[in-house]
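Residue numbers (the numbering used here): 818 to 1088.
Note that CB positions come from ideal geometry on N, CA and C, so glycine has one too.
These numbers come from a predicted model, not from an experiment.
What follows is the structure, given as structure tokens:
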């Protein structure tokens, strides 16, 4: 294992375990800070969108054009870009909407579940947290592959994507921890459920390393970059920005989007 591979794996571990931050916030937050949450979601989307178009997809098209003669290179890059989006959409579709972690709820709603349904068994509330954790794990798995592939290709791009993924994993940690905590009264169990859902991220990266690395050639590497760009674009436009709109702070999320893009533009030029 070379240094680049180890660093890529550690990045995905950091991104995945950020669900634990959301879990801790869920224990103590009495009200949702809508502006901060929407700005963070927009910031994460801005980083992903800019990196996807300006670095991953662009780099894939340029790299493939140097390795494949004719228009096949561009067709391949664009096809894999939309293929990445299709893959993310299929995974998203497999999870019922009511149990989908990206159908976000605020802290007040989730804490109210216990009050509104106190006559029901706490087993059902715990089930909500478990199903949400499984849903998040399913979503995080391809994100882990994408983060690893990006970091394996270029460290600076991988760091940017890992930070963006970590930011949007925080509200997912809240989605797991709040119902489990209110069902069991145990912060330890709520944190454990949340962290386990995040571990799907480094698990995806580990699988990518074990399976993909032996077969990675320059062509394969550029193909992965195009597919990763598609996955990131889908996450941004189907999950992050709609989630911000749900909280009623659309202008704040757009501001975060612009700031995220600007930060990436400056950082990539400096690096």
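Exposed is the label assigned to residue 887, since fewer than 16 other Cβ atoms lie within 10 Å of its Cβ. In the structure shown, residue 1033 adopts coil according to DSSP, grouped into three states. In the three-state reduction of the DSSP assignment, residue 1047 falls in the helix class. Between residue 991 and residue 839, the C-beta gap is smaller than 8 Å, which places the two residues in contact. Buried is the label assigned to residue 989, since at least 16 other Cβ atoms lie within 10 Å of its Cβ. Spanning the alpha carbons of residue 1060 and residue 1028 requires a straight line of approximately 33 Å. Taking the CA atoms as reference points, residue 1007 sits about 15 Å from residue 986.
Cα atoms of residue 1011 and residue 957: separation of roughly 12 Å, rounded to the nearest angstrom. Residue 885 sits in coil when the DSSP states are folded into three classes, being neither helix nor strand. Per DSSP, the continuous alpha helix (DSSP H) segment holding residue 857 begins and ends at 851-868. Here residue 974 is buried, its C-beta having at least 16 other C-beta atoms within 10 Å. As the crow flies, the alpha-carbon of residue 875 is around 15 Å from that of residue 889. One thing to note: residue 1052 has its Cβ no nearer than 8 Å to the Cβ of residue 857.
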